[in-house]
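K.L.:
There are 2 protein chains.
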Amino acid sequence: MSRAPLSVRLAKAIRARREALEMSQEAFADLIGVHRTYYGAVERGKQNLTLSSIERIADGLEVSVASLFVSADKLP
Amino acid sequence: MSRAPLSVRLAKAIRARREALEMSQEAFADLIGVHRTYYGAVERGKQNLTLSSIERIADGLEVSVASLFVSADKLP
Chain P
30 MSRAPLSVRL AKAIRARREA LEMSQEAFAD LIGVHRTYYG AVERGKQNLT LSSIERIADG
90 LEVSVASLFV SADKLP
Chain F
30 MSRAPLSVRL AKAIRARREA LEMSQEAFAD LIGVHRTYYG AVERGKQNLT LSSIERIADG
90 LEVSVASLFV SADKLP
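Respectively, the protein sequence lines represent chains P and F. Numbering follows my numbering, with no gaps: position 18 of the first sequence is 47. Numbering follows my numbering, with no gaps: position 55 of the second sequence is 84.
#1: Within 8 Å of any Cβ in chain F, is that where the Cβ of L60/P sits?
#2: For T79/F and chain P, any beta-carbon pair shorter than 8 Å?
#3: Evaluate A56/P with the Cβ neighbour count: other Cβ atoms within 10 Å of its Cβ, from every protein chain shown; 16 or more gives buried, anything less gives exposed.
#4: Keeping to the same chain, check which residues put their C-beta closer than 6 Å to that of L90/P; ignore five residues upstream and five downstream.
#5: Taking buried to mean at least 16 other C-beta atoms within 10 Å of its own C-beta, is L35/P buried or exposed?
#6: Chain F partners of E84/P, CB-CB under 8 Å?
#7: Spatial neighbours of R32/F within its chain, please: CB distance less than 8 Å, with the 5 preceding and 5 following residues excluded, ordered by chain position.
#8: When we look at the beta-carbon of E48/P and count the other beta-carbons within 10 Å, is it buried (16 or more) or exposed?
#9: Expressed to the nearest angstrom, what Euclidean distance is found between the alpha-carbon atoms of R73/F and L50/P?
#10: Name the chain P residues that come within less than 8 Å of A95/F, Cβ to Cβ?
#11: Identify, in the order they occur along the chain, each residue of the same chain with its Cβ nearer than 6 Å to the Cβ of I83/P, setting aside the five sequence neighbours on each side.
#12: Please name the residues in the segment 34-56 of chain F whose beta-carbon is closer than 8 Å to at least one beta-carbon of chain P, in chain order.
#13: Quick one: give me the first and last residue of the alpha helix (DSSP H) that E51/F is part of.
#14: At the level of alpha carbons, what is the spacing between R44/P and T66/F?
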């Protein structure tokens with residue numbers, strides 16, 4: 030079975046961490062100052078994120094960018 | 030002393046890996062199919078890279094995106 034694209038695995042890692050913090054998508058989008066619709070697309074892996082956007086998300090999630098990608102690497 | 034921005038630390042990690050492979054900037058840019066001028070800016074941390082660009086670079090360097098960020102995390 031082929032692996033999901035990295036964008037999708039990163040999205041899943043972001044979602045998992047946001048859920049671990051018990052924040053809704055909407056509350057988290059507000060926290061990091063992005064539009065809720067945009068953030069929904071982020072968690073579906075539908076955005077080709079820039080490094081600065083990934084960093085903003087990681088900061089909001091209180092993790093490093095490296096740790097998000099390490100988590101993404103562990104996903105199928 | 031404050032830490033360099035993540036974009037700059039990522040650029041340094043990319044450069045270090047490319048040099049470890051003993052490839053010139055020009056040869057590496059050609060390998061991954063990007064313009065040499067653009068790639069030079071990447072290694073100076075002057076581009077706000079997208080995930081797909083970071084992935085293309087990591088593939089060319091034969092490392093994971095996660096490992097590039099882990100290397101970047103170790104830099105000052």
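Virtual Cβ for every residue (Gly too), placed ideally from N, Cα, C.
P.N.:
This is what the structure gives:
#1: The residue labelled residue 60/P in the question sits at position 31 within the first sequence. No, no contact with chain F.
#2: By 1-based counting over the second sequence, the position of residue 79/F is 50. At a cut-off of 8 Å between beta carbons, T79/F contacts chain P.
#3: Looking up residue 56/P in the first sequence gives position 27. Per the 10 Å Cβ criterion, exposed.
#4: Mapped onto the first sequence, residue 90/P falls at position 61. Contacts found: R46.
#5: Position 6 of the first sequence holds residue 35/P. So L35/P ends up on the buried side.
#6: As a first step, residue 84/P must be located in the first sequence, where it is residue number 55. In chain order: L35.
#7: Taking the first residue of the second sequence as 1, we reach residue 32/F at position 3. Same-chain partners within the cutoff: R38 and P105.
#8: To locate residue 48/P, count along the first sequence from 1; it is residue 19. Flag for E48/P reads exposed.
#9: Counting from 1 along the second sequence, the entry for residue 73/F is found at position 44. Counting from 1 along the first sequence, the entry for residue 50/P is found at position 21. Approximately 35 Å, taken between the alpha carbons.
#10: If you number the second sequence from 1, residue 95/F lands on position 66. Within chain P, the residues near A95/F are A95, F98, V99, A101 and D102.
#11: The count along the first sequence starts at 1 and reaches residue 83/P at position 54. V94, listed in sequence order.
#12: L35, S36 and L39
#13: The residue you call residue 51/F lines up with position 22 of the second sequence. That residue, E51/F, is in no alpha helix (DSSP H); it is neither H nor E in DSSP.
#14: For the purposes of this step, residue 44/P is identified with residue 15 of the first sequence, where counting begins at 1. For the purposes of this step, residue 66/F is identified with residue 37 of the second sequence, where counting begins at 1. Between R44/P and T66/F, the C-alpha separation is close to 36 Å.
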